[in-house]
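Going letter by letter, the sequence shown gives residues 1 to 780 in UniProt numbering.
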Amino acid sequence: MLDFTTAVKWLTCDSIFAVVVVIVWLTASTPSLQPLSLSDDASCRFEDPVDWIRVDSDTHHFVDGAGRTRLFHGVNVVFKQPPFLPDSDKWDPYLSFSQRDAEDLRLWGFNMIRLGVLWAGTFPSGPDRPDPAYMEAVSRIVSLCAAEGIYVIVDLHTDSLSRRFCGNGFPDWAIDVALNSSTFSRPDGGFPAPVADPDAFFPHGSCSGEACPPAWQDEGKAEKNALAANAITAVEVAAANTDLYPNLTACLDQPDFFDFNWAYANTYSVEALYRNTSGLWNGFGEHWRSVAQTLRDHPNILMYELLNEPLPGNIYKYNFPYQYWINAPAEERDLQGPLYRDAARRIREVDPRHIICFEPIVWNFWPAITEPLVADGLDREAVCWHSYWHAIHHSGRPYYEFAFAAMGQTLRERGGGSFLSEYGSVGNRPFELADIRRVQEVADSHLSSRAYWQYKNYKDITSSGGLDRLSLYPHGELQSDKLNALATPYAQATGGRLHSMSFDLDTSVFNMEFTGAPANETSIHLGPPQVHYPHGFTVFANRKLSLCANGSNLRLTHSAALVGESIKVCVLPCVGADCTSDPSVWYLAWHCRPAFLWKQGVSAVLFVSTAFLLQAVLTNFLTIGEYACFVKVDDARTLWESRALSVLMAVVSGTFGSAGVMCLGLPFHDELWRWLVASTMPLLLVVAGKSEHSAHPAFFALCVALLILWRVTYCVLDPFLQRDTLLSLVVRANVVFGLVAGVGLLMLMRRSHHCPPRAGPDDADDFSSDAVQRRSVPLL
């Protein structure tokens, strides 16, 4: 007969067996790693000079002239108000990108920036009136980056299209061209209708009795573009056109700047660009020709990014709600595609070497532009994309896994490379840093290059996340916690084909695996000094490699005999000041993971926990099954239930639910509150049941189903909950979960019992309803 003591013994023995099996498996499958000795070769180089970058057609990775795989980690540098470039002469915590900034980025391990080079900066006053001083300033920033080994993505950045629409990017004259060709009753398109009332954005005027920009109010000024005759620079144009701009305070008061994209004037202007209204392609294309002409001889130009976060054109041309969302791929293929190809053609006329990058419509994971922008140019073409969505509060790792997997499939079908040119846009709170960690871990597992949004404030008026607080220097002080989360170790250049790479922020263990190539030098940067390895580090490898180290820079060199061979490298932190003793084989087995685990990008802790839980569940099911169907009957002819055993079953149920969550691939490095709820939810359900049915295996299946439902409320329903705070999200989502889960529990409580009790010698045939009723007692 099974009792509480026996159940505990079974569970304990099974748990010990599971742990032993996992440790033996890890130890047996861990590569034979040996510590590397530091070389005293004085000729060892630590800096990689900038080189021309292209895309490898087989791996879709970026490679340099020597054929080494290159990864890029960096930040965005986008100045959103005139003069549309940061100050490069002196350092400032808010507005500069100077020599000191470039040096800091290199010291922290960043090797690229995404520099905003706006159309409103290159041709601010007209399609045939460039500002040469602007491009000279761009060249200075590119050159000081080259001196520090930093690459540059040149980004035609735009948010809400123009300052005319509470945004930035396009010059005023281009907006005039688009709106003057429209059928709007007002020259300004009635911005920001229907998103908001124009009265709050412009003074009342005489535009048919409606509010409109002052420049349009006086009779006879309806065709005025408000450009002063001598305005050349973006600053001069902005001063001349002040009356055209909506009130900045009103713009900033809008809860979400992204809503301005749905204003009539905004969507029509986007459509006008796509359809080449009044020759807008010429202006757009000449911007890129001018940029490429100026920067074509700079090898540290990583790529030209044609247009930031493009949206579909006029969404109001459709008859049904959200039809523009469904039809976005067709808009991208038929409207954006021709614009991109025209711009790419103009770039290639003056610059045949640099990579051209395009973005799909912002919510499209699978770009609809499936053909190369320029014939025979896929080795110099890439897809840039961004990852934000609702990932901070509820979707976590599954969202990022889906996004990166979708982009990987796109590259296999289309060819070319990819770059995550924006992510983050968060503050310094723990759950925000957790989101940075999630996206970076997934990016590393997919060997993806990335750029955080953004480095400094740069007069940002259109970012989600709180404007100044999302930079590295809010309130003028460096956010060290955010920097430490962003600046993680990675292989900047790999002498071969890179297969896997990971860094565990909890243990500071770095792993990589690659196949050796004739280009035999591999460069690893370990992040800011004294952050991830304050007491030093030890480098292990499965092959004999030459190792040089200088601060956070590592240089590994393999011999010609290792060309085509698999090379595994593991960097472990020293514990305490003494780093002379080698870690034990158990430590290596725990942290320097087998290739299978590296490629899956999961933690060894997660694997061991999951294996242990699943192994334990096998015995737990047997235990619970026997207890449920073979119970002891006392003299009172009632079911004898052990309160302690009931609690044990509840704990087992919670363990099973947690294992199920892990096996479903839901995030491991997530907010603590989420895992507390996930782990205790089945326990609470069992206690709430208060019936013998809580011991039935079917109830455990229900617990897992409800646990999945609980998670789905965050992944699916959250966009409709309109959360204001994290607490609001938790409360509302759990209310939804509770309503659905409660229905399931009520249905379960209505049933009688699940297993007939073992019949006694004198009541073998007594299965009347009264007898059964007497045997049914509450569990707790």
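Cβ atoms here follow ideal geometry from the backbone N, Cα and C, with glycine treated the same way.
Helix, strand or coil for residue i per DSSP?
i: Val-374; result: coil
i: Gly-283; result: helix
i: Tyr-94; result: coil
i: Val-571; result: strand
i: Thr-515; result: strand
i: Cys-384; result: strand
i: Thr-557; result: strand
i: residue 840; result: Given that the chain is displayed from residue 1 to residue 780, the structure contains no residue 840 and the question cannot be resolved.
i: Asp-379; result: helix
i: Asp-87; result: strand
i: Ala-330; result: helix
i: Gln-479; result: coil
i: Asn-364; result: coil
i: Leu-244; result: helix
i: Leu-726; result: Only weak support exists for where Leu-726 lies, its pLDDT of 40 falling under 50; the value from the coordinates is given anyway. It is helical.
i: residue 782; result: In the structure displayed, the chain extends from 1 to 780; residue 782 sits before or after that span and is not available.
i: Gln-254; result: coil
i: Ala-487; result: coil
i: Arg-469; result: helix
i: Gln-99; result: helix
i: Ser-278; result: helix
i: Ala-493; result: strand
Use the C-beta contact count for residue i: other C-beta atoms within 10 angstroms, 16 or more gives buried, fewer gives exposed.
i: His-532; result: buried
i: Leu-319; result: Per the sequence shown, residue 319 should be read as Asn rather than Leu. Asn-319 should be labelled exposed.
i: Pro-430; result: exposed
i: Pro-321; result: exposed
i: Phe-540; result: buried
i: Glu-349; result: exposed
i: Asn-550; result: exposed
i: Arg-100; result: exposed
i: Arg-412; result: exposed
i: Glu-441; result: buried
i: Phe-402; result: exposed
i: His-354; result: buried
i: Ser-139; result: exposed
i: Glu-371; result: exposed
i: residue 786; result: Nothing about residue 786 can be reported from this structure: the residues present for the chain run from 1 to 780 only.
i: Thr-242; result: exposed
i: Asp-444; result: buried
i: Gly-249; result: Checking the displayed sequence, the identity of residue 249 turns out to be Thr instead of Gly. Exposed.
i: Asn-520; result: buried
List the endpoints of the continuous alpha helix (DSSP H) containing residue i.
i: Glu-236; result: 234 to 240
i: Gln-323; result: 323 to 326
i: Tyr-340; result: 337 to 350
i: Asn-266; result: 264 to 274
Quick one: give me the first and last residue of the beta strand (DSSP E) that residue i is part of.
i: Asn-550; result: 546 to 550
i: Ser-500; result: 496 to 504
i: Cys-357; result: 355 to 358
i: Ser-523; result: 521 to 525
i: Ala-541; result: 537 to 541
i: Leu-38; result: No beta strand (DSSP E) contains Leu-38, which DSSP labels as neither H nor E.
i: Ile-369; result: Run containing Ile-369: none; DSSP gives neither H nor E here.
i: Ile-301; result: 301 to 305
i: Val-77; result: 73 to 77
Does residue i get closer than 8 Å to chain D when you measure Cβ to Cβ?
i: Asn-241; result: Included in the structure is just one protein chain, with no chain D present.
Query raised in the report: Which parts of the stretch 394 to 465 are runs of the beta strand (DSSP E), unbroken and 3 residues or longer, counting only runs that do not cross its ends?
Result: 417 to 424 and 450 to 453
Requested in this report: Can you check the UniProt domain "Glycoside hydrolase family 5" (102 to 171) for any alpha helix (DSSP H) of at least 4 residues that lies completely inside it and give the ranges in chain order?
Outcome: 119 to 122 and 132 to 147
Report task. Would you be able to state if there are at least three C-beta pairs under 8 Å between the stretch 332 to 341 and the stretch 364 to 371? Result -> yes
Query raised in the report: Any chance the stretch 492 to 503 sits against the stretch 513 to 520, with 3 or more Cβ pairs inside 8 Å?
Result: yes
Query raised in the report: How do the stretch 107 to 119 and the stretch 131 to 150 stand: do at least 3 beta-carbon pairs fall below 8 Å, yes or no?
Result: yes
Query raised in the report: Would you call the stretch 228 to 241 and the stretch 186 to 202 in contact, with 3 or more CB pairs under 8 Å?
Result: no
Query raised in the report: Does the count of Cβ pairs from the stretch 515 to 529 and the stretch 552 to 571 closer than 8 Å reach three?
Result: yes
Report task. Say whether the stretch 82 to 97 touches the stretch 547 to 564, bearing in mind that this needs 3 or more beta-carbon pairs closer than 8 Å, one atom from each stretch. Result -> no
Report task. Please determine if the stretch 416 to 425 and the stretch 446 to 464 are in contact, where contact requires at least 3 C-beta pairs separated by less than 8 Å. Result -> yes
Query raised in the report: Is the stretch 457 to 464 close to the stretch 65 to 83, with three or more CB pairs under 8 Å?
Result: yes
Requested in this report: Determine contact between the stretch 555 to 563 and the stretch 52 to 69, defined as no fewer than three beta-carbon pairs at a distance below 8 Å.
Outcome: no
Query raised in the report: How do the stretch 168 to 175 and the stretch 121 to 136 stand: do at least 3 beta-carbon pairs fall below 8 Å, yes or no?
Result: yes
Query raised in the report: Can we say the stretch 247 to 261 touches the stretch 295 to 304, given the rule of at least three CB pairs closer than 8 Å?
Result: no
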